[in-house]
Amino acid sequence: VKVLAALEEAGAIALSPKQEVQDAFNKQLQENLANSSWADTSANSWYRNDKGRITQNWSSHTRDYADATTKVKLEEYNLVF
Numbered sequence: 002v003k004v005l006a007a008l009e010e011a012g013a014i015a016l017s018p019k020q021e022v023q024d025a026f027n028k029q030l031q032e033n034l035a036n037s038s039w040a041d042t043s044a045n046s047w048y049r050n051d052k053g054r055i056t057q058n059w060s061s062h063t064r065d066y067a068d069a070t071t072k073v074k075l076e077e078y079n080l081v082f
């Protein structure tokens with residue numbers, strides 16, 4: 002709902018993450034997950050694809066996820082007007 006309100010305020014109709022922001026997020030995510038139980042090569046999990054990449058979308062507690070998604074940072078997105 003906050004994203005929709007931010008779009009309306011900006012006069013935009015859609016958004017997509019900037020590539021460099023997405024790349025930085027994914028790099029940090031993979032670094033964090035490399036130290037997790039999902040990275041254990043003896044553990045089979047649907048969180049790791051056939052190339053060994055962990056596909057989990059968050060590396061911390063759900064409270065951290067809630068905090069991270071509290072604010073809309075439009076500068077991290079390409080806006081469509």
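Taking the numbering used here, the leading residue of the sequence shown gets 2, the next gets one more, and so forth.
Every residue gets a Cβ at the ideal spot worked out from N, C-alpha and C, and that includes glycine.
- [ ] Run the CB neighbour count on L5, radius 10 Å, all protein chains shown included, and call it buried at 16 or more, exposed below.
- [x] Sixteen is the threshold: since fewer than 16 other Cβ atoms of the shown chains lie within 10 Å of the Cβ of L5, the residue is exposed.
Task: Range covered by the beta strand (DSSP E) that runs through Y78 - done: For Y78, the uninterrupted beta strand (DSSP E) segment begins and ends at Y78 to V81.
Open item on the list: Nearest by alpha-carbon distance to Q31: which of Y48, L8, R64 and K19 is it?
Closed with: Y48
- [ ] Examine chain D for any beta-carbon lying closer than 8 Å to the beta-carbon of A6, and answer yes or no.
- [x] The structure shown contains no chain D; it holds only a single protein chain.
Open item on the list: Assuming L16 is part of the beta strand (DSSP E), what are its boundary residues?
Closed with: Start and end: A15 to P18.
Task: Under the three-state DSSP convention, the category R49 falls into - done: R49: strand per DSSP, three-state reduction.
Open item on the list: Let's see if you can read the secondary structure: which residues bound the alpha helix (DSSP H) around T63?
Closed with: T63 to A69
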